[in-house]
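Student: In this note's numbering, the protein residues as written are 6 to 191.
Beta carbons are placed, not taken as given, at the ideal position from N, Cα and C, and that holds for glycine.
Note that the structure is predicted; figures quoted are calculated from it, not measured.
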């Protein structure tokens, strides 16, 4: 009994996923809907079997339940690769857009173009691209933070410990360091 309920719950979670509507394979979606409806028909609203005879024995055979479970699990499995791809691509698009303050607009536009052109046949590339974009974002954020903290230290330290003789060299180095990162704000 629990195995049908678990499969219905898993199928329901897939259907309620935010990215489910972006899945383009209508055959798999239709099959999932049909199998979900068939399996859910065995259950009441609180996920208990509703096909009980008056004496408490099952009116539905175990083979009927197992068949419904197998069909529903197969429908979910058939849909999952595309749903996973759609979710990965959406995450990659989001990550690429988050790079805006960290990279120049041409690079950001190119990354977004590459992500948007991915097809479901390129699911492995989408996963790799998401990992690379996430790594790039984390690295650039870390580097920007490091430079910002370094610049603050360069400002604070000379103010407290250096005399005016080094000011021109210090200002030139500070200007050069800050120009490398367009997102850095004074």
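Please check the pair residue 81 and residue 45, which I expect to be a contact at CB under 8 Å, by giving their CB distance rounded to whole angstroms.
Tutor: That belief does not hold up - the Cβ atoms of residue 81 and residue 45 are roughly 13 Å apart, past 8 Å.
Student: Just to confirm, are residue 3 and residue 24 a CB contact at a threshold of 8 Å?
Tutor: Nothing about residue 3 can be read from this structure; the chain reaches only from 6 to 191.
Student: Please state whether DSSP places residue 137 in a helix, a strand or coil.
Tutor: helix
Student: Mind checking which residues open and close the alpha helix (DSSP H) that includes residue 90?
Tutor: 67-103
Student: Going by C-alpha distance, which of 22, 19 and 108 is nearest residue 145?
Tutor: Comparing Cα-Cα distances from residue 145 to each of 22, 19 and 108, the minimum goes to 108.
Student: What's the gap between the Cα of residue 126 and the Cα of residue 86?
Tutor: 10 Å
Student: Please name the residue, chosen from 102, 70, 97 and 106, that lies closest to residue 134 on a Cα-to-Cα basis.
Tutor: 97
Student: Count the other CB atoms, across all protein chains shown, that sit within 10 Å of the CB of residue 191; report buried if there are 16 or more and exposed otherwise.
Tutor: Residue confidence for residue 191 is low, a pLDDT of 39 falling below 50, so the modelled location carries little weight and cannot support an answer.
Student: Alpha carbon to alpha carbon, how far is residue 27 from residue 142?
Tutor: 26 Å
Student: Closer than 7 Å by C-beta to residue 7: which residues in its own chain qualify, once you throw out the five before and the five after it? Chain order, please.
Tutor: Residue placement at residue 7 is flagged as unreliable, the pLDDT there being 49, under the threshold of 50; the coordinate-derived value follows with that caveat. Here the set comprises nothing.
Student: Within 10 angstroms of its Cβ, does residue 172 collect 16 or more other Cβ (buried), or is it exposed?
Tutor: Counting the other CB atoms within 10 Å of its CB gives residue 172 a total below 16, which places it among the exposed residues.
Student: Can you name, in chain order, every residue of its own chain whose Cβ lies under 8 Å from the Cβ of residue 41, other than the five neighbours on each side?
Tutor: So the list reads 13, 16, 17, 20, 77 and 80, once near-sequence residues are dropped.
Student: Whole angstroms is fine: what's the gap from residue 166's alpha carbon to residue 154's?
Tutor: Legend: pLDDT at residue 166 = 49, less than 50; position of this residue unreliable, value from coordinates given subsequently. Near 18 Å, if we compare the C-alpha coordinates of residue 154 and residue 166.
Student: How is residue 107 classed by DSSP in three states: helix, strand or coil?
Tutor: coil
Student: Helix, strand or coil for residue 22 per DSSP?
Tutor: If DSSP states are grouped into helix, strand and coil, residue 22 belongs with coil.
Student: For residue 101 and residue 174, I'd like the C-alpha separation in whole angstroms.
Tutor: 37 Å
Student: Looking only at C-alpha atoms, which of 11, 33, 103 and 147 sits nearest to residue 71?
Tutor: Ranking the options by Cα distance to residue 71, first place goes to 11.
Student: Do you know whose CA, among 83, 110 and 139, lies nearest residue 35's CA?
Tutor: Out of 83, 110 and 139, 83 has the C-alpha closest to the C-alpha of residue 35.
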